[in-house]
Amino acid sequence: MTLAAADVGALLQLVPVQRAGFALLLAAMGLPVIGVVIVGLDIMPVRFAMMHVALLGIAVGLLTGLDPMLCALVACALSGAAVAPLARTPDGLSGAMGLLMSLAIAAALLVLAVSGVNASGAFALLWGSILAVGTADLIVLGTLAVVVPGLFWWRRRDVGLLLYDRELAHCSGVPVRGLTVVLLVLVAVAVAGAIKLTGALLVDALTLLPALAARRLGTSLKSIAVWAVGIGVAVNLTGFLMALWLDWPPGPVLVLTAGAVVLAVHLIPERRNSSWRAPASVSPPSSH
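Just so we're aligned, residue 1 is where the sequence shown starts under our numbering, counting upward by one.
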């Protein structure tokens, strides 16, 4: 069943729908850049671990009476900072993330079981609740929309060197340890902040998929980030309008829309100089 254009227009007049659309627009400004960092640092397991940590934070929030999403954000930020030192070990983050995922979900289930708190509220966030976006969610997404691109632009040479080669970045004077901590904390907070929009299981639609499409189109780290934001805006707004028109859940529609873009982009022949770690990504910026 689809809705008429007039019905969609009427829906767009509703405050929850407007909030949801604005939240997706804010998300598209910062979260695809987080996806660029995830791909560049090759830390795919981190986002899965943070989904489990967010669930633990939500469970603690339900138990203590504190705001569940605030607890999820704090838990993810602390976990991101805690695992940062492991990024420079030979085994990287994969093993640590597996351990963190197991411990976090076990602790979350234990908290919910022992406390007697209704688990439906916690597990509902696995599927998202985009029309329930509140002021606090908009503040988090708005902060990410400013901080993530701002940091990326301000320290673009350092970020480019770090994503290209950790040892080269260290030898070039980049504060590798501190920058890695900051990036991992931002990744963790971004994953937690996006959960309300698409649910923990579909958060890749806002972070990773635009970055995967952008790496195919960009010729440098800077252009990849710009492409990622542009694709994120187009996918989020198009997917949300399609979901309203089709009267379908927004989360899955956003994922399918982003996935279709990724598949379409990968039909385009790849340029020889447009690989993810392109030499342009480590060249000093023309303006200092």
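Here a beta-carbon is modelled for each residue, glycine too, at the ideal position from N, C-alpha and C. None of these values were measured; they are calculated from a predicted model.
Burial of A20 is indicated by the presence of at least 16 other C-beta atoms within 10 angstroms of its C-beta. Here the C-alpha atom of G98 lies approximately 32 Å from the C-alpha atom of G173.
Judged by DSSP secondary structure, T180 falls within the alpha helix (DSSP H) whose first and last residues are 176-198. In this structure, F48 is the residue among G9, F48, L263, A214 with its C-alpha nearest to the C-alpha of G199. Annotated as distal: V46 and L244, with beta-carbon spacing of 8 Å or more. Between the stretch 154-172 and the stretch 49-67 there are fewer than three inter-stretch CB-CB distances shorter than 8 Å, so the stretches are not counted as touching. For T238, the uninterrupted alpha helix (DSSP H) run begins and ends at 221-246, by DSSP.
Judged by DSSP secondary structure, I58 falls within the alpha helix (DSSP H) whose first and last residues are 44-64. At a Cβ-Cβ threshold of 8 Å, V235 and A211 do not count as neighbours. As the crow flies, the alpha-carbon of I195 is around 30 Å from that of R157.
In the three-state reduction of the DSSP assignment, S172 falls in the coil class. For D137, the enclosing alpha helix (DSSP H) stretches over residues 135-154. Relative to the Cα of L3, the nearest Cα in the group L241, V253, V261 belongs to L241. By a beta-carbon distance limit of 8 Å, A214 does not contact V255. Their separation comes to about 17 Å.
Between L151 and the set L110, A225, R216, the nearest pair of CA atoms involves A225. Pairwise C-beta distances place the stretch 8-22 out of contact with the stretch 216-225, as fewer than three of them are shorter than 8 Å. The criterion of a C-beta distance shorter than 8 Å is satisfied by P149 and G30. About 17 Å separates the beta carbons of G251 and G134, which is beyond the 8 Å limit, so they are not a contact pair.
A direct Cα-Cα distance of roughly 7 Å separates S115 from L63. Here P252 carries a helix assignment [DSSP, helix/strand/coil]. Here the C-alpha atom of V265 lies approximately 8 Å from the C-alpha atom of L217. Per DSSP, Q18 is one residue of the alpha helix (DSSP H) stretching across 15-41.
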